[in-house]
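Novice:
Numbering (my numbering), first residue to last: 269 to 390.
(1) Here's the rule: buried if 16 or more other CB atoms are within 10 angstroms of the residue's CB, otherwise exposed. What is residue 356?
(2) Check this for me: beta carbons of residue 379 and residue 309, under 7 Å apart or not?
(3) Between the alpha carbons of residue 359 and residue 369, how many angstroms are there, rounded?
(4) Give a yes or no on contact between the stretch 274-283 and the stretch 347-354, applying the rule of three or more CB pairs nearer than 8 Å.
(5) Are the stretch 380-389 and the stretch 298-312 touching by the rule of at least three beta carbon pairs closer than 8 Å?
(6) Tell me whether residue 365 sits in a helix, a strand or coil according to DSSP, three-state version.
(7) Which runs of the beta strand (DSSP E) at least 3 residues long sit entirely within the stretch 281-314? Give them in chain order.
Right under this line is the structure:
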């Protein structure tokens, strides 16, 4: 980093911008906690969404392959759900087709968008 630039480190992102006030980048340090919580909540949503997708696929498979009563189906689904690790599913099965899409239309410096891209799996 040279003397004519400033550096911000937030989450796993390091952002360098000009120190010159005429070329200043809008950055609100008060919103760090808000950005952290946004990332946590979107990551949780991605995990739950992936788990729900797997359960839906498994239910479809059980209904076509086995002749089960509703209670048996429910029990098998609950057993299967207990074995799923949603965090691992999102990390391993990251494809563009079933991933999440986020529009950050009011981005100023782009820090939140970069953090989303780097820190949210799926």
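Backbone N, C-alpha and C fix where the C-beta goes; we use that ideal spot for every residue, glycine too. A quick note: this is a predicted structure, and the numbers were derived from the prediction, not measured.
Specialist: Considering the structure as presented:
(1) exposed
(2) no
(3) 16 Å
(4) no
(5) yes
(6) coil
(7) Entirely contained in the stretch 281-314, the beta strand (DSSP E) runs reaching 3 residues are, in chain order, 281-286.
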